[in-house]
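Undergrad: Per this note's numbering, the sequence shown starts with residue 2, numbered consecutively. Just so it is clear, CB atoms sit at the ideal spot from N, CA and C, and this is done for glycine as well. None of these values were measured; they are calculated from a predicted model.
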Amino acid sequence: MPVKIYWDSGVIIEYQGETLHLDASKPGGKGLLVSHAHGDHVGGLKAKSGTAAYATEATLKIFEASSGRKPKIPTKPVRYGEKFKAGVFQVQAFNSGHIFGSCGFLVEVGGTSIAYTGDLNFTSSLLSEAAEPIQCDILILEATYGIPQYKFPSRSSLYSRIVKWAVEEAKKGRIPSFHVYPVGKAQEIVKLLNEYTSLKVYVHPKIAKINEAHERFGLKLEAEPLEGKLKPEGCAVVYPKSLLGYTDIDRASPAIATGWALKYRWMGVQGFPLSNHADFPQLLNYVRAVRPRQVYTCYGFTDSLAAAIRAKLGVNAQPLPAAKHTRLELSLS
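Here is the structure:
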């Protein structure tokens, strides 16, 4: 009996009538695998009932800090390299390099090995090591930046640019104000400012709670919750990206750190193309390192990335069907 893979509010793997749900918004089947704590991947943890969810302990704690709630469904913490059974599926978590605690999953069933990356970063950061290439038959690969236009500068050069800008703005008597994703990017910016500047760092209260969740795992982040008005005296502040344009700090110099800054500009805002995702060359390099027999792309530029993998690497690749109940029947025998 062939393995079936399809999209239904998340990636679904099916075999012999049993299903495994990956980053799905609804838990079900023999288990929900959650790759990391970003909001677009944790919908299943917000369900009122369902089968058990598997994620790293860091992902679960960061989710609780970010959402302000505990999962109502059963949760089972997993570690990198740990193997466990979920029905007919044997599963192993591996480092995906995306944010602190993030993981991909290697699923073995019916004589077929399937690796799901979740969101992927194939370069190391201050908070995580580069993603681990996992040998598999089938690779389900994210395509957020899956077109040639997205080739990021080296992380070290971006770190240098961010530090230089922040220090220079502070010397001008201004407050460098970073508007970033509260989970992952905010902690990276705080850590960068801690390591390479003497600026006192303040963070939005939401980010402060998420920082505390990271610190439970030994990650030191020196930042104080923002209270009241700041004076521009050798400090920096980190806000959620959603508050760009909605803050009232005097003499603030706003900045945004996201991979989309490579293409888009925000008027009056300094942009840094710092991403926790792999860029186009990294995605191709990851496929080279994994050497799968088939690739299915999801999230983002799926068609373009699949076409590039076929043309440049000679690997069979296509987007994972997104239509509900549309299935791919996969047999590598």
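1. Can you tell me where the beta strand (DSSP E) holding Ser114 begins and where it ends?
2. Inspect the beta-carbon positions of Phe101 and Ile135 and report whether they are closer than 7 Å.
3. Distance, Cα to Cα, Phe90 vs Pro206?
4. Going by the CB atoms, is the gap between Ala66 and Lys210 shorter than 7 Å?
5. Could you tell me which uninterrupted alpha helix (DSSP H) segments, each at least 4 residues in length, are contained entirely in the segment 16 to 88, listed from first to last along the chain?
6. Using beta-carbon positions only, say whether Phe179 and Ala253 come within less than 7 Å of one another.
7. DSSP on Ser243, reduced to helix/strand/coil?
8. Would you give the residue range spanned by the alpha helix (DSSP H) that Pro206 belongs to?
9. By DSSP's criteria, Gln271 is part of a beta bridge. Which residues make up the other side?
10. Where Val288 and Thr248 are concerned, what is the direct C-alpha to C-alpha distance, given to the nearest angstrom?
11. Quick one: measure Cβ to Cβ for Ala54 and Ile74, integer angstroms, because I've assumed they're closer than 8 Å.
12. Which one of Gly235, Met2, Ser26 and Pro320 has the shortest CA to CA distance from Lys173?
13. Could you give the first and the last residue of the continuous beta strand (DSSP E) run that contains Ile139?
14. For Ser10, name the three-state secondary structure that DSSP assigns.
15. Could you pull the start and end residues of the beta strand (DSSP E) that Val296 belongs to?
16. Would you kindly work out how many angstroms separate the C-alpha atoms of Pro282 and Ile310, rounded to a whole number?
17. DSSP on Pro282, reduced to helix/strand/coil?
18. So, using beta-carbon positions, are Ser10 and Lys31 closer together than 7 Å?
19. Could you pull out every residue in the same chain whose Cβ sits closer than 6 Å to the Cβ of Ser97, ignoring the five residues on either side in sequence?
20. Tell me, please, whether the segment 164 to 171 touches the segment 182 to 200 by the rule of three or more beta-carbon pairs shorter than 8 Å.
21. Bridge partners for Ser157 per DSSP, in chain order?
22. I think Gly301 touches Thr145, with their Cβ atoms under 8 Å apart; what is that distance to the nearest whole Å?
23. For the alpha helix (DSSP H) that contains Leu194, what are its first and last residues?
24. Determine the contact status of Gln319 and Ile139, defining contact as a CB-CB distance below 7 Å.
25. I'd like the list of long-range same chain contacts for Leu142, defined as Cβ closer than 6 Å, with 5 residues on each side in sequence excluded.
26. Mark Glu15 as exposed unless 16 or more other C-beta atoms lie within 10 angstroms of its C-beta, in which case mark it buried.
27. Where does Ala309 fall in DSSP's three states?
28. Label Ala312 either buried or exposed according to how many other C-beta atoms from any shown protein chain fall within 10 Å of its C-beta, with 16 as the threshold for buried.
29. Using the Cα positions of Leu306 and Phe123, report the straight-line distance between them to the nearest angstrom.
30. Output needed for Leu314: all residues of its chain with C-beta closer than 7 Å, excluding positions within five of it in sequence on either side, in chain order.
31. Counting along the chain, where does the beta strand (DSSP E) carrying Asn122 start and finish?
32. Going by other Cβ atoms of all chains shown within 10 Å of its Cβ, with 16 needed for buried, is Asp41 buried or exposed?
33. For Ser36, tell me which candidate among Met268, Tyr81 and Gly272 has the shortest Cα-Cα distance.
TA: On the basis of the supplied data:
1. Counting along the chain, the beta strand (DSSP E) containing Ser114 begins and ends at Thr113 to Tyr117.
2. No, they are not a contact pair.
3. Distance between the alpha carbons of Phe90 and Pro206: 41 Å.
4. Going by C-beta atoms, Lys210 is nearer than 7 Å to Ala66.
5. Qualifying alpha helix (DSSP H) stretches, in chain order: 58 to 68.
6. Taking 7 Å as the Cβ cut-off, Phe179 and Ala253 do not qualify as a contacting pair.
7. Here Ser243 carries a helix assignment [DSSP, helix/strand/coil].
8. Note, Pro206: alpha helix (DSSP H), Pro206 to Glu216.
9. The partner list for Gln271 (beta bridge, DSSP) reads Ala256.
10. Straight-line Cα distance between these residues: approximately 42 Å.
11. Contact annotation, Ala54 with Ile74: C-beta distance approximately 6 Å; criterion of less than 8 Å satisfied.
12. Nearest option by C-alpha distance: Gly235.
13. Note, Ile139: beta strand (DSSP E), Ile139 to Ala144.
14. In the structure shown, Ser10 sits in coil (DSSP, three-state: anything other than H, G, I, E or B).
15. Annotation for Val296: the continuous beta strand (DSSP E) segment containing it runs Gln295 to Gly301.
16. If you draw a straight line from the Cα of Pro282 to the Cα of Ile310, it comes to about 11 Å.
17. Pro282: helix per DSSP, three-state reduction.
18. In this structure, Ser10 sits away from Lys31, with a CB-CB distance that is not shorter than 7 Å.
19. Hits under 6 Å: Ser103, Cys104, Gly105, Thr118, Gly119, Leu121 and Ala132.
20. Yes, since at least three Cβ pairs between the segment 164 to 171 and the segment 182 to 200 fall closer than 8 Å, the two stretches touch.
21. None, per the DSSP bridge assignment.
22. Going by Cβ atoms, the distance from Gly301 to Thr145 rounds to 4 Å, so yes, they are a contact pair.
23. Lys186 to Tyr197 is the extent of the alpha helix (DSSP H) around Leu194.
24. No.
25. Excluding positions up to five away in sequence, the list reads Thr118, Val296 and Thr298.
26. Glu15 is buried by the Cβ-count criterion.
27. Secondary structure at Ala309: helix, using DSSP grouped into helix, strand and coil.
28. With fewer than 16 other Cβ atoms within 10 Å, it is exposed.
29. In a straight line, the C-alpha of Leu306 is about 16 Å away from that of Phe123.
30. Excluding sequence neighbours, Leu314 sits near Leu285, Val288 and Arg289.
31. No beta strand (DSSP E) contains Asn122, which DSSP labels as neither H nor E.
32. Asp41 is exposed by the Cβ-count criterion.
33. Per the C-alpha coordinates, the member of Met268, Tyr81 and Gly272 positioned closest to Ser36 is Tyr81.
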